[in-house]
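Here the protein sequences come in this chain order: A and B. Heads up, the numbering used here is the position in the first sequence plus 3, with the first residue counted as 1. Heads up, the numbering used here is the position in the second sequence plus 3, with the first residue counted as 1. Cβ atoms here follow ideal geometry from the backbone N, Cα and C, with glycine treated the same way. Computed from a predicted structure; not experimentally measured.
Protein chains: 2
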Amino acid sequence: MKIAEVSKKYEVSSDTLRYYERVGLLRRVPRNASGVREYGEADCARIEFVKCMRSAGVPIEALIEYLELYEQGDETAPRRKALLVEQRDLIQQRIDAMREGLNRLNAKIDSYETVMMDAERGMRQRESGNAD
Amino acid sequence: MKIAEVSKKYEVSSDTLRYYERVGLLRRVPRNASGVREYGEADCARIEFVKCMRSAGVPIEALIEYLELYEQGDETAPRRKALLVEQRDLIQQRIDAMREGLNRLNAKIDSYETVMMDAERGMRQRESGNAD
DNA sequence: GCTTGACTTGAAGCGGGCTCCAGGTGTTTC
DNA sequence: GAAACACCTGGAGCCCGCTTCAAGTCAAGC
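Given below as C-alpha cells:
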C-alpha cells in the first residue's frame with residue numbers, strides 16, 4: 004500500500020504518516036525502486052494501533068519509548084508493561100475528569116431546558132445558577 | 004482572596020489565572036488600592052468551573068464564547084445551550100475514544116501478565132501479538 | 001517529449017495553552 | 001532605610017503535534 008491508500012484507510016494524513024516515521028513511531032517503512040513508501044501488513048497494524056492510542060491521548064513520546072523497548076527484545080517486557088500500565092492509569096484519570104465535566108454540562112443543559120420551557124410558557128422565570 | 008491563595012486553592016498557577024483574565028475568561032478581576040487582584044466569590048466559582056471544563060478538554064475559545072454570551076443577557080440563552088450541548092457531545096466522543104484505548108491497553112497488559120508469569124514458570128513462551 | 005499527478009525531502013510555520021522573564025511597585029520586617 | 005516578599009505588566013518563549021512549503025523526482029497518459 005502506498006501512502007495515500009493508508010492515509011485514506013486509517014484517516015490519517017500522509018503528512019502525519021511521514022511525520023510519525025520521522026520521529027520514530029513507525030521505524031523505516033520500506034521503499035520501492037523509486038523511493039516511494041510501500042506499507043506492509045505490520046506497518047498498517049502499527050498505524051492502527053498508534054491511531055487508537057493517540058486518540059485516547061497517549062503522548063507520542065510514550066509510544067516511541069514503547070516501540071523502542073519492543074525492538075530491544077524480550078528482556079524489556081517488564082518495562083514495557085509498566086509503561087502501558089502508567090498510560091492506562093493516565094487515561095483513566097482523564098476519563099474521570101471528563102465524566103465530571105460531562106455531568107456538570109448535563110446539569111447545566113437541563114437547567115437551560117427548564118428555563119427555556121418556562122420562558123415559552125411566558126413565565127419569564129429568572130435564570131439562575133447557570134454561570135457558576 | 005489574593006492570587007496566591009486562589010492559585011493554591013484551585014491548583015491553578017498564578018500565571019494561568021492572569022492569563023485567563025487576559026484572554027477574557029474571567030472578566031476584569033477587581034483590584035485593591037495598589038493594583039493587586041482581589042478575587043471574590045463569583046470569581047472563584049468561575050475559576051472552579053473553568054478548571055473543571057478545561058480538564059474535561061473544553062477549549063478556552065468555547066468558554067470565552069459562552070461567557071460572552073452570558074454577559075449579553077437572557078436572549079442568548081438558546082445559543083449558550085447549543086454551545087454547551089456541542090461541547091458535551093465532543094467530550095462524549097473523546098470519552099468513547101479513550102475507552103477504546105483503555106480496553107486495548109488492558110488487553111495488552113493482561114497478555115504481558117500472562118507472558119511474564121509463564122516466563123517465571125520457566126516456560127519461556129513466545130510473546131506474540133503485543134505490538135500490533 | 002511534455003504535462004499531470006503522486007510521491008519524495010528537509011525545514012519552517014502554526015495553534016493551543018500555558019509559562020517564564022524583565023523590570024517595576026508596594027508592603028512588611030528587621 | 002534596606003532587604004525580602006508578593007504582586008504587577010507586557011511580551012517573549014516553549015512544548016506538543018501536526019501542517020505547510022519549496023524544490024525536486026518519477027511513472028503514466030496524451
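- Contact between A:A48 and B:Y115 is absent: CB atoms are separated by about 18 Å, not below the 8 Å threshold.
- Residues of chain B with a Cβ closer than 9 Å to the Cβ of A:M120 do not exist; the shortest Cβ-Cβ separation is about 11 Å.
- A distance below 8 Å separates the beta carbons of A:I94 and A:A59.
- Within chain A, K84, L87, V88 and R91 have C-beta atoms less than 7 Å from the C-beta of B:I112, given in sequence order.
- Of the residues A:G76, A:V15, A:G104 and A:L72, the one whose Cα lies closest to the Cα of A:A85 is A:L72.
- Neighbours of A:C55 in chain B, taken as residues at a C-beta separation under 7 Å, are given in chain order as E103, G104 and R107.
- Looking at A:D121, A:L105, A:M119 and A:L20, the one whose alpha-carbon comes closest to that of B:F52 is A:L105.
- Interface criterion met: the Cβ of A:I98 is under 8 Å from a Cβ in chain B.
- Counting along the chain, no alpha helix (DSSP H) covers B:Y42, and no H or E run does either.
- Note on B:Q75: under 16 other CB atoms within 10 angstroms of its CB, so exposed under the neighbour-count rule.
- Chain A places no beta carbon closer than 8 Å to that of B:V15, leaving this residue out of the contacts.
- Neighbours of B:P81 in chain A, taken as residues whose beta carbon is under 9 Å from its own, are Y115 and M119 in chain order.
- DSSP, reduced to helix, strand and coil, places A:R31 outside both helices and strands of the structure shown, so it counts as coil.
- Contact note: B:A65 does not reach chain A at a C-beta cutoff of 8 Å; the least C-beta distance is about 11 Å.
- With respect to the C-alpha of A:S37, the residue from A:D46, A:K5, A:Y22 and A:R21 having the closest C-alpha is A:K5.
- For B:Q75, the closest Cβ of chain A is not nearer than 8 Å.
- Within chain A, not a single residue places a beta-carbon under 8 Å from that of B:V26; the smallest gap is close to 17 Å.
- In the structure shown, B:G60 adopts coil according to DSSP, grouped into three states.
- In the three-state DSSP reduction, A:K11 falls in the helix class (H, G or I).
- When A:K11, A:E78, A:N109 and A:N35 are compared, the shortest CA-CA separation from A:I50 is found for A:K11.
- Following the DSSP letters along the chain, one finds B:E24 inside the alpha helix (DSSP H) bounded by residues S17 to V26.
- Buried is the label assigned to B:D46, since at least 16 other Cβ atoms lie within 10 Å of its Cβ.
- The CB of B:G60 comes closer than 7 Å to the CB of M101 in chain A, given here in chain order.
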